[in-house]
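Chains W and D, in that order, give the protein sequences.
Using the numbering used here, the letters of the first sequence map in sequence onto residues 25 to 565.
Using the numbering used here, the letters of the second sequence map in sequence onto residues 25 to 565.
Comments concern the structure below.
Number of protein chains: 2
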Amino acid sequence: MERAELSLTGWGPADNAHELSNSVRKWLRREIGWNPRVTPPEAVASVPTAATRLPDSTSAALIEIVGDDHVRTDGPSRLRRGAGRSYLDLIRRRGGDISGLPDAVVLPGSHDEVLSVLRRCVADDIAVVPFGGGTGVVGGLTGGADEHRAVVSLDVARLNAIDSIDAKSLLVTAGPGLRGPEFESRMARYGLTLGHFPQSYEFATLGGYAATRSAGQASTGYGRFAELVAGARLATPVGSWQVGRAPASAAGPDLLGMVLGSEGVLGVITELTLRVRPAPEAKHYEGWSFPSLPRGLEGLRQLARAELLPDIARLSDPDETRANIVMSGSAKVNSLQALLRARGHGAGCLLIVGWEADPGTVSVRRRAASSLLRRYEAVRIGRTVGQSWLANRYSGPYVRDALLDVGLLVETLETAASWSDLPEVYEATRDALIHSLSVPGKQPLVMCHVSHVYPTGASLCFTVLADRDDDRPMQQWLLAKRAATEALLSKGGVLTHHHAVGIDHAPWLSREIGDLGVAVLHAVKDRLDPTGICNPGVLFG
Amino acid sequence: MERAELSLTGWGPADNAHELSNSVRKWLRREIGWNPRVTPPEAVASVPTAATRLPDSTSAALIEIVGDDHVRTDGPSRLRRGAGRSYLDLIRRRGGDISGLPDAVVLPGSHDEVLSVLRRCVADDIAVVPFGGGTGVVGGLTGGADEHRAVVSLDVARLNAIDSIDAKSLLVTAGPGLRGPEFESRMARYGLTLGHFPQSYEFATLGGYAATRSAGQASTGYGRFAELVAGARLATPVGSWQVGRAPASAAGPDLLGMVLGSEGVLGVITELTLRVRPAPEAKHYEGWSFPSLPRGLEGLRQLARAELLPDIARLSDPDETRANIVMSGSAKVNSLQALLRARGHGAGCLLIVGWEADPGTVSVRRRAASSLLRRYEAVRIGRTVGQSWLANRYSGPYVRDALLDVGLLVETLETAASWSDLPEVYEATRDALIHSLSVPGKQPLVMCHVSHVYPTGASLCFTVLADRDDDRPMQQWLLAKRAATEALLSKGGVLTHHHAVGIDHAPWLSREIGDLGVAVLHAVKDRLDPTGICNPGVLFG
């Protein structure tokens with residue numbers, strides 16, 4: 025079976041295309057001063073790709089290692105691995121800019137083959153950029169490789185075996201090339217689940233999750249991806265490195281934590297040992313409404329404090345709630361809206377909660393949590409909203425394609441902060457985005473939701489919609505992103521809660537981890553990758 | 025108020041001395057071939073200490089930094105910081121061997137003072153050994169400092185402030201010199217708790233917990249100490265390093281994990297930001313009995329799988345259960361034993377469980393867990409046993425003093441393994457200890473309990489009792505420890521679950537983390553401590 029692939033200028037295949045309704049179009053005009061137009065992507069598949077710089081001798085050596093079928097220098101193969109899926113990536117691609125492609129794609133079939141590829145690339149001074157699903161949004165695939173003779177994209181797709189299932193210990197060892205749905209369907213046969221469902225779920229790989237410290241929609245309950253990893257194997261230019269041992273060890277610092285989030289700069293993750301759990305028998309999703317964001321945040325904080333957090337908790341701010349209602353646009357929703365307005369939830373905040381466990385536990389926990397939520401003036405609005413969220417949980421990037429086609433800027437950014445800092449981080453980031461993206465007659469729509477809740481704080485995920493500056497679309501977003509990042513860092517937010525660093529966040533890394541933190545990472549990189557061929561430019565800039 | 029201090033040759037003050045009853049003495053003779061005798065410790069306080077090697081110029085400079093009162097070269101000050109509390113430490117001390125003392129004790133009063141002390145020690149080539157509570161059991165205070173001009177013990181006792189309490193975000197920033205009870209009593213005023221209760225609780229410090237990746241008796245519920253830390257500040261020879269940000273970040277590898285467990289080799293932890301939680305309103309401890317160890321392990325595994333683990337879960341093997349019954353020796357216990365024998369629990373296994381939460385949660389969870397435990401043939405034996413465990417939870421090291429006074433070898437060692445590997449790790453470790461410590465007419469008593477339970481596995485904590493070889497007591501234990509360590513590593517156990525590496529485990533570190541893991545740690549150390557003055561010999565050997 026052929027796997028579905030990301031399109032070259034957007035997200036999924038064309039049969040998932042979304043149309044904007046007339047009422048949404050009208051609303052966008054009014055809301056942000058959108059100038060309706062059609063801005064289709066260029067047909068990049070027919071743009072000629074630059075000649076490969078891979079030396080013939082290297083090519084021959086790589087073929088020797090991985091086989092003829094698994095070294096590719098054709099245009100389509102290189103295009104597929106040449107960019108992630110950030111707004112900047114897509115704007116570039118849609119404009120026909122396919123610069124920065126890797127010179128070749130290599131698909132090793134084993135850990136040892138990865139080691140051999142790395143050794144050869146060291147010898148020939150070829151940069152190596154690991155490739156998983158290509159869904160990253162921080163420039164993790166497009167690091168500056170100018171200091172090396174050529175760039176190879178090392179696609180882990182063939183490292184997709186499930187090597188062992190220890191159902192007794194709930195530990196599964198698997199290759200980094202497996203996508204979420206492939207892994208989950210294998211686990212389902214054993215009544216197990218991993219429980220990691222980021223928005224990129226359909227395309228992203230286990231290796232990508234690990235390399236970027238991913239968080240998924242259910243991470244409030246199941247834990248961030250880093251918490252789901254018990255061990256990893258890394259192929260580095262200087263050899264193999266196995267890190268992590270379940271269940272726990274006190275033998276020195278945590279080296280697994282050094283590999284998770286390393287974004288390819290230390291080598292290639294070739295194997296992961298994952299903590300799975302019994303698949304939940306019952307799943308229950310429902311919607312609630314809070315009269316205001318502060319009430320909603322307080323409700324979530326109290327749930328965390330009482331250890332009553334659901335597995336999924338997403339709280340939208342008033343603007344996101346309002347936009348959701350408009351975008352869904354059903355009559356049912358309209359009558360619901362009237363009801364909430366009558367209850368004083370006029371500028372209300374939608375909360376989606378999801379419970380996944382055995383039926384008895386779901387029922388007990390849901391009851392206790394519901395009674396707590398009511399104490400913070402939340403009103404239950406039922407399962408329809410929850411089911412609708414569930415049905416659309418991966419649809420955001422498809423909708424984005426439709427918005428990009430009609431002259432809109434659309435992008436997300438995210439952070440996290442302690443409960444004490446969260447309100448100021450929210451206000452400052454929102455203000456910075458609005459200020460940066462407002463011009464006479466036009467203002468952005470800045471929407472936000474809490475996507476992950478912790479006892480100590482929560483994450484904030486912003487979605488920005490604005491009329492695109494057709495003359496300088498990149499510049500328009502870069503300035504807004506810079507303003508937002510400065511704002512959130514200055515108020516105590518983290519640089520990124522689940523999008524990783526890539527090249528886009530690299531300029532701010534030392535703000536987050538300090539100069540000595542950067543120096544320590546450099547020391548580790550220098551030890552494992554002395555010639556600096558591993559994903560150059562990423563993380564460190 | 026003067027703080028209680030560890031005695032120089034054992035654990036606590038003399039008023040906590042334990043007496044062995046006649047029945048216990050009789051039982052020890054029969055069980056292990058003990059030859060009753062009195063082996064009191066030498067009065068080490070009156071053994072002359074070696075002259076300090078600290079150069080006068082260094083001494084003057086350190087006094088300049090921390091003040092006259094806080095640089096000490098007197099014998100008692102150096103003796104107090106010159107050894108941990110492992111069996112080997114105590115045997116050496118009790119025999120009058122006080123070699124390896126630090127040349128001076130320095131007590132800085134702030135992060136900046138620690139930085140200045142480190143800088144001066146770099147300049148003068150003085151090794152620096154951080155000192156917290158002195159309760160370590162792996163030789164973390166006695167690293168080989170022969171390559172340096174002198175050794176300074178850097179006691180963090182004065183870094184004992186609580187710098188901030190963010191009750192909203194459940195984050196508390198505190199100095200590393202605070203002991204558990206001091207910290208908990210401060211938290212109690214705010215209705216908060218940290219929940220970290222290792223056996224060394226009365227004397228150990230927050231800094232020590234962090235430096236050694238400690239686990240406590242309630243870590244099954246509250247999490248290992250590493251999970252309770254949100255941030256740390258490290259003073260290194262090359263400057264200050266702040267690591268970790270709550271609630272979560274995806275900005276590169278986890279550098280906090282590099283500091284936790286670093287055992288002083290990268291610098292000195294001068295501040296910790298801890299995740300606290302509301303103090304539980306209800307606490308419920310009780311005992312259960314399983315007919316066998318395999319049944320008990322299966323019961324615990326199923327509790328973990330069902331997410332019904334209590335906050336405290338300790339399962340003793342048949343020999344530890346039997347020894348506990350003999351050592352407590354009450355009539356009540358004897359009738360209980362008869363009852364269990366009648367139920368087929370002749371060689372039964374005692375399980376202590378503890379629940380800490382609000383009363384409703386305790387009741388719901390306890391009921392669900394109890395019904396599951398019964399499915400694995402467990403019999404509830406009531407709260408008395410639980411309360412008795414609670415009352416004696418810190419008494420082990422005091423009892424050890426009494427046993428050391430009468431010619432016994434007594435020591436613990438611990439590991440952890442996945443559920444699949446656990447039975448073999450248990451058998452192999454036990455066999456290795458018994459084999460190594462048996463001589464004609466004498467055999468050790470090897471007791472074991474599961475102290476921490478995880479979804480993927482559990483820890484095993486062994487306690488060994490044997491008649492001491494008075495001629496070669498060190499050698500006797502070193503051989504047994506080596507045999508046990510080789511056995512547990514070969515079967516998939518971790519080198520240490522909560523005792524850290526020190527110098528005692530250093531020879532095996534590369535078995536656990538690989539040569540490349542050791543190389544990465546060296547690279548980090550070389551960056552932060554280029555002249556190698558920080559706790560030399562520890563971790564790396």
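For every residue, glycine included, the Cβ atom is placed at its ideal position computed from N, Cα and C.
None of these values were measured; they are calculated from a predicted model.
Are the C-beta of residue i and some C-beta of chain W separated by less than 8 Å?
{"i": "residue 522 of chain D", "result": "yes"}
{"i": "residue 194 of chain D", "result": "yes"}
{"i": "residue 566 of chain D", "result": "This structure does not reach residue 566 of chain D, given that chain D is present from 25 up to 565, and the question cannot be answered."}
{"i": "residue 518 of chain D", "result": "yes"}
{"i": "residue 536 of chain D", "result": "yes"}
{"i": "residue 550 of chain D", "result": "yes"}
{"i": "residue 278 of chain D", "result": "yes"}
{"i": "residue 529 of chain D", "result": "yes"}
Are the CB atoms of residue i and residue j nearer to each other than 8 Å?
{"i": "residue 505 of chain W", "j": "residue 452 of chain W", "result": "no"}
{"i": "residue 524 of chain D", "j": "residue 164 of chain D", "result": "yes"}
{"i": "residue 114 of chain W", "j": "residue 512 of chain W", "result": "no"}
{"i": "residue 431 of chain W", "j": "residue 492 of chain W", "result": "yes"}
{"i": "residue 306 of chain D", "j": "residue 381 of chain D", "result": "yes"}
{"i": "residue 558 of chain W", "j": "residue 290 of chain W", "result": "yes"}
{"i": "residue 18 of chain D", "j": "residue 287 of chain D", "result": "Outside the shown range of chain D, which is 25 to 565, sits residue 18 of chain D, and nothing can be said about it."}
{"i": "residue 227 of chain W", "j": "residue 241 of chain W", "result": "no"}
{"i": "residue 327 of chain W", "j": "residue 321 of chain W", "result": "no"}
{"i": "residue 421 of chain W", "j": "residue 35 of chain W", "result": "yes"}
{"i": "residue 183 of chain D", "j": "residue 200 of chain D", "result": "yes"}
{"i": "residue 423 of chain W", "j": "residue 42 of chain W", "result": "yes"}
{"i": "residue 73 of chain W", "j": "residue 150 of chain W", "result": "no"}
{"i": "residue 508 of chain D", "j": "residue 56 of chain D", "result": "no"}
{"i": "residue 188 of chain W", "j": "residue 443 of chain D", "result": "no"}
{"i": "residue 180 of chain W", "j": "residue 231 of chain W", "result": "yes"}
Opposite residue i in the DSSP bridges: which residues?
{"i": "residue 145 of chain W", "result": "In the DSSP output, where bridge partners are listed per residue, residue 145 of chain W has none listed."}
{"i": "residue 501 of chain W", "result": "Per DSSP, none; premise fails for residue 501 of chain W."}
{"i": "residue 491 of chain D", "result": "D/432"}
{"i": "residue 309 of chain W", "result": "W/378"}
{"i": "residue 151 of chain W", "result": "W/175"}
{"i": "residue 484 of chain W", "result": "W/439, W/474"}
{"i": "residue 314 of chain W", "result": "W/373"}
{"i": "residue 337 of chain W", "result": "W/377"}
{"i": "residue 84 of chain D", "result": "Paired residue(s): none; residue 84 of chain D is not in a bridge."}
Assign residue i to one of two classes, buried (16 or more other C-beta atoms within 10 Å of its C-beta) or exposed (fewer than that).
{"i": "residue 170 of chain D", "result": "exposed"}
{"i": "residue 69 of chain W", "result": "exposed"}
{"i": "residue 214 of chain W", "result": "exposed"}
{"i": "residue 25 of chain W", "result": "Unreliable positioning characterises residue 25 of chain W in this predicted model, as indicated by a pLDDT of 48, which lies under 50. The coordinate reading is nonetheless provided below. Under this definition residue 25 of chain W is an exposed residue."}
{"i": "residue 500 of chain W", "result": "buried"}
{"i": "residue 549 of chain W", "result": "buried"}
{"i": "residue 116 of chain W", "result": "buried"}
Would residue i pass as an interface residue toward chain D - the criterion being a Cβ-Cβ separation below 8 Å?
{"i": "residue 157 of chain W", "result": "no"}
{"i": "residue 294 of chain W", "result": "no"}
{"i": "residue 282 of chain W", "result": "yes"}
{"i": "residue 70 of chain W", "result": "no"}
{"i": "residue 236 of chain W", "result": "yes"}
{"i": "residue 544 of chain W", "result": "yes"}
{"i": "residue 220 of chain W", "result": "no"}
{"i": "residue 302 of chain W", "result": "yes"}
By the 9 Å beta-carbon criterion, what residues does the region 50 to 61 of chain W contribute toward chain D?
none
Proximal residues, the region 262 to 273 of chain W versus chain D, C-beta separation under 9 Å
262, 263, 264, 265, 266, 267, 269, 270, 271, 272, 273
To be precise: take each residue of the region 473 to 502 of chain D, compare its Cβ to all Cβ atoms of chain W, and keep it if any distance is under 9 Å. Which residues remain?
Against chain W - using a Cβ distance shorter than 9 Å - the residues of the region 473 to 502 of chain D are 476, 477, 478, 479, 480, 481, 482, 483.
Residues in the region 424 to 457 of chain W having any Cβ partner in chain D nearer than 7 Å
440, 442, 443, 444
Going along the chain, which residues of the region 371 to 392 of chain W sit with their C-beta nearer than 9 Å to a C-beta in chain D?
381, 382, 384, 385, 388, 392
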